[in-house]
Amino acid sequence: MRGKWIAGAAALGLLTLTGCGAADMTKQGSPYANAAGTKSVTLSVQSWVGARANTAVAQYLLEHELGYRVDTVQVDEVPAWDALSQGRVDAIMEDWGHPEQEKRYVSDKKTVADGGDLGVTGHIGWWVPKYFADAHPDVTDWRNLNKYASQLKTPESRGKGQLLDGSPSYVTHDKALVNNLKLDYQVVFAGSEAAQITQIKQFAKDRKPFLTYWYEPQWLFNEVPMVEVKLPPYSDACGTKGESDPDSVDCAYPTTPLKKFLNADFARKGGDAARFLKNFRWTKRDQNEVAQLMAEDKLPADKAAAKWVKAHPEVWKKWL
Amino acid sequence: MSTTSTTPTLATAPDTARFRALLRRPAARKVLALAVAGLVLAPFAHAAWGSGGWPHALTVSLDGPLRSVGDWIVDNRDSHWLFLYFFGHISNVIIGAVHAVYVVLLALGWAGVTAGAALVAWRAAGVRAAVTAVASFAVCGLLDMWVPTMRTLALMAVAVAASVLVGALLGLAAGLSDRTFRVLRPVLDTMQALPAFAYLLPVVLVFGIGVAPAVLATVVYAAPPMARLTALGLRSTDPGVMEAVESLGATGWQRLVTARLPMARKQLLLGLNQTIMMALSMAVIASVIGADGLGDRVYQALSTVDVGAALAAGIPIVLLAIVLDRTTSGGSDGTPVRRGHPAVGWALAAAAVAGFVLTRSHDWPRGWTVAVTEPVNRAKDWMVDHLYSGIPGIGGTADWAAHYTGWVLDPLRDGLQALPWWGAVLLVAALAWAIGTWRTTLTAVLSLSAIGVLGRWDSAMDTLSQVLAAVAVTLVLGFAVAVAVARSRRTERLLRPVLDVFQTMPQFVYLIPVVALFGVGRAPAAAAAVVYALPAVIRIAGEGLRQADPRAMESSTSMGATGRQQLLQVQFPLARNELLLAVNQAVVLVLSVVIIGALVGGGGLGYEVVFGLARGDLATGLVAGASIACLGLMLDRVTQPTKGARDAR
C-alpha cells in the first residue's frame, strides 16, 4: 500500500522534473525582480562605505531619472560574482580585483561582462596615525615594526602587537605577510568596516598608537590623518606567485583601478539601465563626498545621494 | 581531568560505609568507572600523541577534496545533467513560487494585505489577534519597511508550506510505522539541536546564493518540529476510540482521516506554530546568503553599525513573528476562539475587497512614514558618549565588556585550549554519563572527537568558552527570576508578555542593540546570547519549581524550614528534571547566538563560517559548519536529561 504511494509519487516527481526540459542555472533572476509591471535592477552592495556611495548614487539616478525600481542586496565580494553569473544580481559597482573570478566568469563562461572602469583607483596598505608617526618616524618602515610591537598590544592580540583588519571578506594577505616578514604581530579582524572605523576613532580620541589595514580612497583620512607603512615593494613576480599560493605573499598590495561588472545578459538586454551603469564614472573626490555624508553625517543613503546629485549635475548628466 | 576530581572523594571518605553509600548512586558508579578507565588509558594516550590540544596525527584535512568538489560544482553548474534536470528545477520552482506569492501580495496592495491578514487572524484566533495584525502591518508600513516585509512574507509563505508538507509526510510515516519512528526520532532530535547557521553552507554549495537556497535551508531547519508533533499526535490517539472505529469496519485510510488526524489536531496546530516560528528565524538568518527582505536590511545595518536602520528593520520582524504566532496558536490550547459578532467578519472581508479595489499603488504611501533612524541613532550616540565608558564608580558598558572579556572569557578560553585532549574527552564522557545514558555519552564523545579530527579543536574551544561563560550567566539570572516567578503569581503575570515577545524574536535581532552598548567583540555576542536564552530558561525552570508537590512544601514549612532551605532542599531537588531541561535549552540556544555573534566580531567557529561564506571558500566554511554541528550535538547530549523530559519542548 505504502510502496505503491511512494512509487507513484516518485514517478510523478520525475515526470514533472523531466517534462519541462533543462533548467538553466545561469538564468535565475531574483524572484522579486520585475514584479507588478515595474522595470527593476538589482545591485549588489558591498559592505564598505565607498561601495555604498557608488550604489546609492546609481540607485538614486536610476530611480529618479530613468524610472527603474532598484533593489540592493548585501552580498560579500566573491559570492557576489557567483550571484552575478547566475543573474541573481545585475551589477557590482566596485570590484577590487578578483583575477580568478574574472578568468572563470568573464573569459571562460562569458556569464559576466566587463562594465568598465569606475574612475577611482584603489590602494590597500598598512597605516599608522600621523601623531604616532610624527613621534616615531622610523615606524613607517616594515623593518622597524617589531620594535613597536609591545606598544601596539591589545587584549585581543595575545601578547603580540595588533594589526587591525576589517571584514574577513576584504582582499587581504595580512596573515601571510605577518608570517613571511617574520613580524611579531597578530591579525585581529574587527568584523566589518564600520566596526573598524569605530575602533580607529576610539584610538584616535585617546591618541593611542595603532596599526591598521586600510585603503584609499577613504574619507576617514580627513578626520584621522594616517601615514602609510612601507612594505616590500609590489612586483608582478610577487603578484603571480601570490595568485598561485596566497600563503607565499611577501610584498605590498598592488594599486588597483576599480572596475564595474555586469551580468552578461543584463549588459546585452538591460537597455537604459545597463547603458547608464556602463557610463557611470567619477572621481575619488566625488566618492569621498558621498561616503562622508553617509558615514560621518549619518545621512540615509538616498538623502546623501540626492545631495550630491543636486550639487554635481555636470558629472552625472553625461552618464544618461 | 575527571581523575583529579574524583580521587579526593576516594581518599577523604572517612569510612567504608559512606563510600558504599556513594557507590550505590548510579552516577557516582559511572564516574568512578570512567575515572579508572581514564587512569589506565590516559598515560598511553599521552605517550602516543602528547597532551596539548588535539594531536595533529589524528586529524584529517578535508580542505583539498572539498575545494575540488566546490570547483567542480561551479564549473559544471551550467552544463551537467544533475543541475540541468534536477537542482535547476528545484531552484526554478522555488523562485517561481516566491515570485507568484510576492506578485499577489503586491497586487493586493497595502490595504488589501492588511485587511486580508486581519480576516485570517480573526477566523483563526479571534478579535484580539485581528487587531494585532492590523496594528502590526500598519507599523511595518509606517517604518517604511512595506516592501521588505512583503518579501519576507512571500519567502515565508513558500518555506512554511514546503516545511509543513515535508514535516507532515515524515510525521505521518513515523506515526503509522514503529520502525520509521525509531529511526526518525534521533534524527529529528539532532536536527533541532543544531544551530541554524550550520545549515546555510551545504545549500550554498549547490545552489549558489539567493532565495532558492534560503528557502531550502529554512525547510531543513523548520520541518522537524512539524514531523515530531505530527508523529506524536498520531501515536497518542486513544486506543479505545481506535478500537471502536476499527469495529465499524473502517479501512486504514478512513481510520486515519476520520479518527486519528482529527484527534491529533492540537499537536498538528502546535507543530504548524513551531514550524512558522523556526522558519521566520531562519528566513532572517538566511539574509547572510542573499535572501533579501527584512533580514537583509538588518544585515546591511549591522555591517554599518547603523542601529537606527537595524531597529527599523528589526521591529517588523518581531511584529510579523507576533502576528503569526498569535494567529496560529489560537485554538491550539483548547480555549474556544472568541470571534465576537459575525458582522466583524463581514466588515473585514469588505475592507479586504475595498482595499484591493481602491489602492492603485502596491507600495505603502510615500508620505505616511515615520523616520525613526535618525532619532534612534542620536539616542545611540548619546548612550555611547555617556554610558559607554567612564561612569564614576561602576564604569561604562565598554568597561564591563572589557572586564568580562579579560576576567572571564580569556582565562576560560586559555584553560580549555590548554586542557589535554584526552582530559576533555574524559570530562565530556563523565558529564554525559552522569546525566544521561551510555548512548548519549557515546554520541557526545564521538562528536567531540570529530571536531578534533576535522582540525578545528582550537576554534571549537574558543566557541565553547564563550558558550560556557554565557550559559553560566544565563542560568544564574534565569534561575533567580524563575524563583521569583514560582513564588509570586503577580510577577508571573507581569513577566509573561515580556517573555512572549522575547521568545518570538529571531536571534538576529538581538545582535543590534548589544553592538551599541558593548562595541564589537566576544562580549556583545555573549550579551545577545544571554538575552535570547533567558526566556526559555525562566519558563521551564519556573514551571518546574511551581509544580513541586504542595504536600512536600507544606510539610517542610511545618518542620520550620526557612524559605531558603525550602528552596534549596525541597523545590530544587523535586524540579531536577525541569532544571536539567532548562540547562539543556540554555546551552542549545546560547550556542546558536554565539555562532552568529561572529557577525559582530565574536570569532571562533562562527567566524570561520562567515569567512567561508564571504570568501567563497566553502571548504573552510563547510568544515567549520560541520564542527559547529558536532559541538551542538555534543553540548546537547552532555546536558540531555533522561528521556521524556525533552518532549516538553
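These protein sequence lines are chains A and B, in that order. Be aware that the first sequence starts at 1, since it is given in full-length UniProt numbering, and climbs by one per residue. Be aware that the second sequence starts at 1, since it is given in full-length UniProt numbering, and climbs by one per residue. Virtual Cβ for every residue (Gly too), placed ideally from N, Cα, C. Because the structure is a prediction, the values reported are computed rather than measured.
Query raised in the report: Got a sec: which bits of the stretch 279-300 of chain B sit with their beta carbon under 8 Å from any beta carbon on chain A, in order along the chain?
Result: Taking 8 Å as the Cβ-Cβ cut-off against chain A, the residues of the stretch 279-300 of chain B that qualify are Ser287, Ile289, Gly290, Asp292, Asp296, Tyr299 and Gln300.
Requested in this report: With 8 Å as the threshold, decide whether the Cβ of Thr18(A) is near any Cβ in chain B.
Outcome: With a pLDDT of only 49 at Thr18(A), under 50, the local geometry of the prediction cannot be trusted, and the value read off the model is given with reservation. For Thr18(A), the answer is yes, since a Cβ of chain B falls inside 8 Å of its Cβ.
Query - chain B contacts made by the stretch 186-219 of chain A, where a contact means CB separation under 8 Å - result: Phe189, Ala190, Gly191, Ser192, Glu193, Ala194, Ala195, Thr198 and Gln199
Query raised in the report: Can you give, in chain order, each stretch of the alpha helix (DSSP H) that sits fully within the stretch 189-256 of chain B and has at least 4 residues?
Result: 200-207, 211-235 and 239-247
Query raised in the report: According to DSSP, which residues form a beta bridge with Lys160(A)?
Result: Bridge partners of Lys160(A): none, in fact.
Report task. Could you pull out every residue in the same chain whose Cβ sits closer than 6 Å to the Cβ of Asn180(A), ignoring the five residues on either side in sequence? Result -> Asp250
Requested in this report: Please compile the residues from chain B whose C-beta is within a distance smaller than 7 Å of the C-beta of Pro31(A).
Outcome: Ile95, Val98, His99, Tyr102 and Val211
Query raised in the report: With burial defined as no fewer than 16 other Cβ atoms inside 10 Å of the residue's Cβ, what is the status of Ile122(B): buried or exposed?
Result: Checking the sequence shown, residue 122(B) turns out to be Trp, not Ile. Flag for Trp122(B) reads buried.
Query - Under 8 Å by beta carbon: chain A residues contacting Ala614(B) - result: By Cβ distance, chain A contributes Asp76, Glu77, Val78, Pro79, Ser167, Pro168 and Ser169.
Query raised in the report: Under a CB-based cut-off of 8 Å, is Asp303(B) close to chain A?
Result: Position check: residue 303(B) holds Ser in this sequence, whereas Asp was assumed. True, the Cβ-Cβ gap to chain A drops below 8 Å.
Query raised in the report: Would you report the Cα separation of Pro155(A) and Ala193(B), rounded to the nearest angstrom?
Result: 33 Å
Query raised in the report: Looking at C-beta atoms only, is the number of pairs between the stretch 516-525 of chain B and the stretch 479-489 of chain B that lie closer than 8 Å three or more?
Result: No, the stretch 516-525 of chain B does not touch the stretch 479-489 of chain B.
Report task. Taking only the alpha-carbon atoms, compute the straight-line gap between Arg496(B) and Leu184(B) and give it to the nearest angstrom. Result -> Their backbone Cα atoms lie some 34 Å apart in a straight line.
Requested in this report: Please list the partners that Phe611(B) has in chain A, where partner means a Cβ-to-Cβ separation under 9 Å.
Outcome: Pro168, Ser169 and Phe189
Query raised in the report: Cβ of Glu65(A) less than 8 Å from any chain B Cβ?
Result: no
Requested in this report: For the beta strand (DSSP E) containing Met93(A), list its first residue and its last residue.
Outcome: Ala91 to Asp95
Query raised in the report: Taking the alpha-carbon positions, what's the Val530(B) to Phe266(A) distance?
Result: 46 Å
Report task. Measure the C-alpha to C-alpha separation of Glu374(B) and Ala619(B) and round it to an integer number of angstroms. Result -> 41 Å
Query raised in the report: For the stretch 159-174 of chain B against the stretch 266-276 of chain B, are there 3 or more C-beta pairs whose distance is under 8 Å?
Result: yes
Query - Inter-residue Cα distance where the pair is Arg67(B) and Ala624(B) - result: About 14 Å.
Query raised in the report: For the beta strand (DSSP E) that contains residue 322(A), what are its first and last residues?
Result: Missing from the structure shown is residue 322(A); chain A here goes from 1 to 320 and no further.
**Report entry** Spatially closest choice to Met461(B) from Thr437(B), Pro506(B), Gly415(B) and Gly436(B), by CA coordinates
**Finding:** Gly415(B)
Query raised in the report: Name the residues in the stretch 214-225 of chain B whose C-beta lies less than 7 Å from a C-beta of chain A; which are they?
Result: none
Query raised in the report: Quick one: what's Asn584(B) bridged to in DSSP?
Result: Paired residue(s): none; Asn584(B) is not in a bridge.
Requested in this report: Show which residues of chain E have a CB atom less than 7 Å away from the CB atom of Ala83(A).
Outcome: No chain E appears in this structure, whose protein chains are A and B.
Query raised in the report: What residues from chain B crowd round Ser150(A), counting only those whose CB sits closer than 7 Å?
Result: Correct list: empty, because the minimum Cβ distance to chain B is about 18 Å.
Query raised in the report: Along chain A, which residues have their Cβ under 9 Å away from the Cβ of Asn377(B)?
Result: Lys298
Query raised in the report: At which residues does the beta strand (DSSP E) containing Thr255(A) begin and terminate?
Result: First-last of the beta strand (DSSP E) with Thr255(A): Thr255 to Asn263.
**Report entry** Contact residues within the stretch 39-53 of chain A, judged by C-beta distance below 8 Å to chain B
**Finding:** Listed in chain order, the positions of the stretch 39-53 of chain A with a beta carbon within less than 8 Å of a beta carbon of chain B are Val45, Ser47, Val49 and Arg52.
Requested in this report: Kindly say whether Pro155(A), judged by its beta-carbon, lies nearer than 8 Å to any beta-carbon of chain B.
Outcome: Taking Cβ atoms only, chain B reaches closer than 8 Å to Pro155(A), which makes this a yes.
Query raised in the report: Sorted by chain position, which residues of the same chain lie with C-beta nearer than 6 Å to Val318(B)'s C-beta, five sequence neighbours on each side aside?
Result: Met505
Requested in this report: Could you check if Thr230(B) is buried or exposed, using at least 16 other CB atoms within 10 Å of its CB as the buried criterion?
Outcome: buried
Requested in this report: Answer with buried or exposed for Arg637(B), where buried requires no fewer than 16 other C-beta atoms within 10 angstroms of its C-beta.
Outcome: buried
Query raised in the report: Hey, is Thr443(B)'s beta-carbon within less than 8 Å of any beta-carbon in chain A?
Result: Output row for Thr443(B): interface = no.
**Report entry** Runs of alpha helix (DSSP H) lying entirely within the stretch 527-613 of chain B, each at least 4 residues, in chain order
**Finding:** 550-558, 563-566 and 576-596
Query raised in the report: When DSSP builds the beta bridges, which residues end up paired with residue 321(A)?
Result: Lying outside 1 to 320, the shown extent of chain A, residue 321(A) is not represented and no answer is given.
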